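When we follow my numbering, the leftmost residue of the sequence shown carries the number 11, and every step to the right adds one.
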Amino acid sequence: MITAVGLLLVAGCGAPAPPASPAPPSVLRLDLANGPDRPLPTEVRLPGGGGRHPLLVFVHGYTCHVAEYTDLLDHWAKAGFAVAAPTFPYTHGAAAKLDIMDLLKQPADVTAVIDALLARAEQPGDPLHGRLDPARIAAGGHSLGGMTTVGALGRWRDPRLKAGIVLAGSARDVGTGFQGEPAPLLFVHGLGDRVVTIDQGRAAYEAVPWPKAFLTLPLGTHRNPFMFPSDPDWARVADATTDFLRWRLTGDSSARTRLTALGPDFDDRLG
């Protein structure tokens with residue numbers, strides 16, 4: 011779990027109290043589906059406090075589990091985003107039948123999850139009632155989940171998506187037919203990725219016709235640092251993706267300034 015570190019202790023009377031840590035998110039487990047043969051059990055992390063929050067739908071990688079991304083999902087939720095993480099039926103790590111080409115059906119699953127969550131958010135008495143902002147929705151994913159995200163903003167465009175995050179992903183099999191209203195994308199990729207090479211990620215990035223950015227991780231591999239908080243780049247990825255969401259979904263100008271300061275590894279074409 012993410013913990014607050016480095017609190018400054020000030021001795022003496024009248025010293026200011028340290029800032030409070032964000033409240034841990036609450037986690038709902040919902041039995042969603044996209045038809046009878048596509049169960050989509052979904053964890054939804056809700057930030058502490060009330061009100062409507064921007065929504066991020068996160069897609070796990072091939073043969074991966076949602077639990078492997080817990081720290082990253084919690085980081086986004088603590089920053090004020092509702093985070094929905096479905097388990098996809100034929101690409102998760104415990105699937106009885108694995109099918110990598112089920113990728114082509116996953117963008118529609120993202121749409122089905124959004125449909126279900128927004129419908130519940132309008133139902134009095136539902137735990138999601140009044141908690142999601144339908145005008146501020148993004149998708150993101152790792153590896154095959156990043157490819158799913160490209161598809162959800164391209165060939166299978168969901169017009170409600172206002173942004174996308176692609177972690178170690180590409181346009182493999184989903185193509186680069188980006189369409190609809192501009193939705194800025196952030197790509198993050200490790201130079202040492204031998205599963206989805208950075209050249210594949212860069213090719214998808216170059217095809218994006220909208221505002222975009224590409225963060226290169228010189229020491230990154232396919233799973234590091236997206237799953238492992240012990241990786242020295244994990245905090246950089248967590249903070250950069252959070253600032254991207256803050257900029258795009260909440261209009262936070264200070265978050266945009268922090269993105270600009272990421273340095274030469276950050277190809278900034280966000281405008």
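The C-beta atom is built at its ideal place from N, Cα and C for all residues, glycine as well.
On a predicted model such as this, the values are computed, not experimentally measured, just so you know.
Practice task
Determine contact between the region 119-128 and the region 71-89, defined as no fewer than three beta-carbon pairs at a distance below 8 Å.
Solution key: The region 119-128, when compared against the region 71-89, does not touch it at the 8 Å Cβ threshold.
Practice task
Out of Asp143, Ala129, Asn234 and Pro194, point me to the one whose CA is closest to Val205's CA.
Solution key: For Val205, the closest C-alpha among the options Asp143, Ala129, Asn234 and Pro194 is that of Asn234.
Practice task
Report yes if the C-beta of Val160 is less than 7 Å from at least one heavy atom of the ligand GTP; otherwise report no.
Solution key: In the structure on display, the ligand GTP does not appear, and there are no ligands present to speak of.
Exercise for the section: Ignoring anything shorter than 4 residues or poking outside the region 177-246, list the alpha helix (DSSP H) runs there in chain order. Expected result: Unbroken alpha helix (DSSP H) stretches of 4 residues or longer found wholly inside the region 177-246: 208-217, given in chain order.
Problem - Nearest-angstrom Cα separation, counted from Ala217 out to Gly164 - result: Between the alpha carbons of Gly164 and Ala217 lies a distance of about 11 Å.
Exercise for the section: On a CA-only basis, which of Gly45, Asp277 and Thr260 is nearest Asp143? Give me that one, please. Expected result: It is Thr260 whose Cα lies nearest to the Cα of Asp143.
Exercise for the section: Specify the secondary structure class of Gly22 as computed by DSSP and reduced to three states. Expected result: Low confidence applies to Gly22: its pLDDT is 27, below 50, so where it sits in the model is not reliable, and the reading given next is rough at best. In this structure, DSSP gives Gly22 a state outside helix and strand, which the three-state scheme calls coil.
Problem - Reduced DSSP category for Asp168 - H, G, I as helix; E, B as strand; rest coil - result: Coil.
Practice task
Could you spell out the range, first to last residue, of the alpha helix (DSSP H) harbouring Pro117?
Solution key: That run of the alpha helix (DSSP H) goes Gln116 to Ala131.
Practice task
Identify, in the order they occur along the chain, each residue of the same chain with its Cβ nearer than 7 Å to the Cβ of Val67, setting aside the five sequence neighbours on each side.
Solution key: Same-chain partners within the cutoff: Ala94, Val120, Val123, Ile124 and Ala149.
Handout entry: Where Leu108 sits in the DSSP three-state scheme
Key = Of the three classes helix, strand and coil, the one that applies to Leu108 here is coil, per DSSP.
Problem - Sequence-distant residues of its chain with Cβ nearer than 7 Å to Pro243 (five each side left out) - result: Sequence inspection shows Asp at residue 243; the Pro mentioned does not correspond to that position. Cβ within range, chain order: Leu227, Leu229, Gly230 and Pro235.
Problem - Sequence-distant residues of the same chain with beta carbon closer than 8 Å to Pro169, five excluded per side - result: The answer, listed in chain order, is Gly190 and Glu191.
Practice task
Tell me whether Leu40 sits in a helix, a strand or coil according to DSSP, three-state version.
Solution key: Collapsing the DSSP output to three states places Leu40 in a strand.
Exercise for the section: Classify Arg256 as helix, strand or coil using the three-state DSSP reduction. Expected result: Assigned with DSSP and collapsed to three states, Arg256 falls in helix.
Exercise for the section: From the DSSP output, in three-state form, read off Asp278 for me. Expected result: The three-state secondary structure of Asp278, taken from DSSP, is strand.
Practice task
Within 10 angstroms of the Cβ of Leu50, are there 16 or more other Cβ atoms? Answer buried if so, exposed if not.
Solution key: Leu50 should be labelled buried.
Exercise for the section: Give the secondary structure of His75 by DSSP, where H, G and I count as helix, E and B as strand, and everything else as coil. Expected result: It is coil, neither helix nor strand.
Exercise for the section: Could you check if Gly59 is buried or exposed, using at least 16 other CB atoms within 10 Å of its CB as the buried criterion? Expected result: Looking at its Cβ environment, which holds fewer than 16 other Cβ atoms inside 10 Å, Gly59 is exposed.
Practice task
Pair every Cβ in the region 208-217 with every Cβ in the region 175-186, then say whether three or more of these pairs are closer than 8 Å.
Solution key: Result yes; three or more Cβ-Cβ pairs closer than 8 Å.
Handout entry: Beta-ladder partner(s) of His102, from DSSP
Key = His102 pairs with Cys74.
Handout entry: Cutoff 8 Å; reference His139; Cβ partners in own chain excluding five residues on either side
Key = Here the set comprises Arg130, Ala131, Glu132 and Gln133.
Practice task
Ignore the nearest five residues each way along the sequence and tell me which others in Gly151's own chain have a CB closer than 8 Å to its CB.
Solution key: Excluding sequence neighbours, Gly151 sits near Phe68, Val69, His70, Gly71, Met157, Thr158, Thr159, Ile175, Val176, Leu177 and Gly179.
Handout entry: Cutoff 6 Å; reference Thr251; Cβ partners in own chain excluding five residues on either side
Key = Correct list, in chain order: Ile175.
Handout entry: Sequence-distant residues of the same chain with beta carbon closer than 7 Å to Arg279, five excluded per side
Key = The answer, listed in chain order, is Pro221, Lys222 and Ala223.
Exercise for the section: Compute the distance between the beta-carbons of Leu42 and Pro96, then report whether it is under 8 Å. Expected result: Taking C-beta atoms as the reference points, Leu42 and Pro96 count as a pair closer than 8 Å.
Handout entry: Three-state class that DSSP yields for Gly155 in the structure shown
Key = When DSSP states are grouped into helix, strand and coil, Gly155 belongs to the helix group.
Practice task
Run the CB neighbour count on Asp109, radius 10 Å, all protein chains shown included, and call it buried at 16 or more, exposed below.
Solution key: Under this definition Asp109 is an exposed residue.
Practice task
Mind checking which residues open and close the alpha helix (DSSP H) that includes Leu65?
Solution key: No alpha helix (DSSP H) holds Leu65; the beta strand (DSSP E) holding it covers His63 to Val69.
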